[in-house]
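Participant: Protein sequences appear in the order of chains S and V. Heads up: take any position in the first sequence, counting from 1, add 1171, and you land on our numbering. Heads up: take any position in the second sequence, counting from 1, add 1171, and you land on our numbering. All C-beta atoms, glycine included, are put in the ideal place defined by N, C-alpha and C. Below: one structure in structure tokens.
2 protein chains.
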Amino acid sequence: MEPNGIKKQHIIEAALKRFSHFGINKTTMSEIAEDIAVSKANLYYYFPDKTTLVIEVIKHLIAEGMQAYNEILNQSMSVLEMLIRFLKIRKDFFEKHYLLHITLGFADSHLNMEELEALRDYAETKEIEILHKTFKKGIDTLELVTFDVKIVSQMYFTILKGIAMVSISTISNKDIPEISVFNEIFEKQKIASTIFLNGLRHNLIKN
Amino acid sequence: MEPNGIKKQHIIEAALKRFSHFGINKTTMSEIAEDIAVSKANLYYYFPDKTTLVIEVIKHLIAEGMQAYNEILNQSMSVLEMLIRFLKIRKDFFEKHYLLHITLGFADSHLNMEELEALRDYAETKEIEILHKTFKKGIDTLELVTFDVKIVSQMYFTILKGIAMVSISTISNKDIPEISVFNEIFEKQKIASTIFLNGLRHNLIKN
DNA sequence: ATTTTGACCATTATATTTAAAAAGTCAAAA
DNA sequence: TTTTGACTTTTTAAATATAATGGTCAAAAT
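Printed below as a string of structure tokens:
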């Protein structure tokens, strides 16, 4: 790492803490600077603007998540077991970084929303790629029947996302959700995964 | 029907049109009155307040929907075929009454939101009951294996709702969604239903 | 040469006030 | 019994003022 790379990392970590606790929009550049006892102007020596800092923070998280996913992918276990481990990683992630995640969608004229949305799309694509590989593996080992892996990966991801959205919208109407919601989401996703995957073990009957 | 029942029905129909086109909050009692050429005060002779009118309108829709569902339920066809017909009814409904449906969730101090939310919960319960009967029928005819029908019905409903939420949130970021979204939701729900139901045709393997 | 900073500006968000609109009432008319 | 115009009260929306935040820069510190 470059000499000033260590400092950039320091800033990113401080920003991450704030973003995860209070959300992106409720975190000011001054606050991040105060946390690590430097001036706000100094932050702008390392990052051209707030949007770039946010992006760096998220890239950091994506890299971390991808590593965790790949570790599981390279192990030898059933597809369902793999999926459930993925779900656990996701659960832990959202428990920690839920506010960072949702505030990513809040329009904020201080931020370049196009770039942020593009990054979120990128993260989703990466996750779906992991699912794609997982299902592919299941087909190759004859654990699953043959099917259109691309469509099914996207479908499965949509179901996971949908379960989370439904749970959050019904349990806690706006405001910050309680911790129990994430457990509930996790449990529901496991049930859905079990049935969904069972449907991929046998050839589809069309009517 | 009572003598003034016909007039109440007339008001309800006029209100339904406005609610579905412009949403509940953007529809005023005066506008509904104008549409049927009566005074606003006359509306209040038949309905004590706006909330009650909204509730009557929705109850009207629920009754209509339940009738359509029950007609299908009493026919003889495969479970998947039944589910797909249900989905078609839902698609047509949301295409027509989408704004009415979402504005039901918007906080509006003119309305008693507790009552409205209770009614929406009631409608969901009724829908899940239909799904419950459908799956039960599938088990009884040995088309499906045995499972906890209550959990599975709720799970399936959550998946349908989740797919809709995900599609609407990604395609059209706020504002009114285009008609194509409802087709997309319908197609995705059919795919998910096919796989999900296939998973209920065979005993679950736990790992 | 590189890093850091306080003072500064322009833009954006928030709080407050003001005006318009809508819900709901009622005595009187049909 | 049903209908209504005129009225009151509450709520929303628009306008305005105020505070906060993102971002800049010349100068100081390392």
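So serine 1351(V) and leucine 1251(V) are in contact, right, with Cβ under 8 Å, and what is the actual spacing, rounded?
Facilitator: About 25 Å separates the two Cβ atoms, so there is no contact after all.
Participant: Is the shortest distance between the beta-carbon of isoleucine 1226(S) and the beta-carbons of chain V less than 7 Å?
Facilitator: No, its Cβ sits nowhere closer than 7 Å to a Cβ of chain V.
Participant: Can you tell which of Arg1256(V), His1192(V) and His1181(V) has the C-alpha that lies nearest to the C-alpha of leucine 1271(V)?
Facilitator: His1192(V)
Participant: Please list, in chain order, all residues of the same chain as alanine 1239(V) whose beta carbon is under 7 Å from its beta carbon, the five residues on each side excluded.
Facilitator: Ile1260
Participant: Would isoleucine 1334(S) count as contacting chain V if we go by Cβ distances under 7 Å?
Facilitator: Chain V contact via Cβ: present.
Participant: Under 8 Å Cβ-Cβ, which residues of chain S neighbour isoleucine 1243(V)?
Facilitator: Neighbours of isoleucine 1243(V) in chain S, taken as residues whose beta carbon is under 8 Å from its own, are absent, since the nearest beta carbon is some 15 Å off.
Participant: Is there at least one Cβ from chain V nearer than 7 Å to asparagine 1283(S)'s Cβ?
Facilitator: For asparagine 1283(S), the answer is no, since every Cβ of chain V falls outside 7 Å of its Cβ.
Participant: For lysine 1262(S) and phenylalanine 1190(S), which I take to be in contact (beta-carbon distance under 8 Å), what is that distance rounded to the nearest angstrom?
Facilitator: About 19 Å; that fails the 8 Å criterion.
Participant: Measure from the alpha carbon of leucine 1287(S) to the alpha carbon of each residue in Lys1297(S), Gly1276(S) and Glu1295(S), then state which is nearest.
Facilitator: Looking at the Cα atoms, Gly1276(S) is the closest of the given residues.
Participant: Can you tell me whether DSSP reads alanine 1234(S) as helix, strand or coil?
Facilitator: Alanine 1234(S): helix per DSSP, three-state reduction.
Participant: Does DSSP put asparagine 1369(S) in a helix, in a strand, or in coil?
Facilitator: helix
Participant: Counting only the same chain and skipping the five closest in sequence on each side, list residues whose C-beta sits under 8 Å from that of lysine 1361(V).
Facilitator: In the same chain as lysine 1361(V), and ignoring 5 residues on each side of it, the C-beta atoms closer than 8 Å to its own belong to Ile1255 and Leu1258, in chain order.
Participant: Taking all protein chains shown into account, do 16 or more other C-beta atoms lie within 10 angstroms of the C-beta of methionine 1336(S), making it buried, or fewer, making it exposed?
Facilitator: buried
Participant: Can you tell which of Leu1244(S), Val1228(S), Gln1180(S) and Phe1357(S) has its C-alpha closest to the C-alpha of lysine 1308(S)?
Facilitator: When each option's Cα is compared against that of lysine 1308(S), the closest is Leu1244(S).
Participant: Enumerate in chain order the residues of its own chain whose CB-to-CB distance from histidine 1231(V) is below 8 Å, with the five nearest sequence positions on each side excluded.
Facilitator: Excluding residues within five positions, the ones whose Cβ falls inside 8 Å are Ile1183 and Leu1187.
Participant: On the premise that phenylalanine 1367(V) lies in contact with phenylalanine 1367(S), defined as a C-beta separation below 8 Å, what is that separation, rounded to the nearest angstrom?
Facilitator: 6 Å
Participant: Taking buried to mean at least 16 other C-beta atoms within 10 Å of its own C-beta, is proline 1219(V) buried or exposed?
Facilitator: exposed
Participant: How far does the alpha helix (DSSP H) with methionine 1326(S) in it extend, from its first residue to its last?
Facilitator: 1320–1342
Participant: 7 Å is my cut-off, CB to CB: does methionine 1326(V) come that close to chain S?
Facilitator: yes
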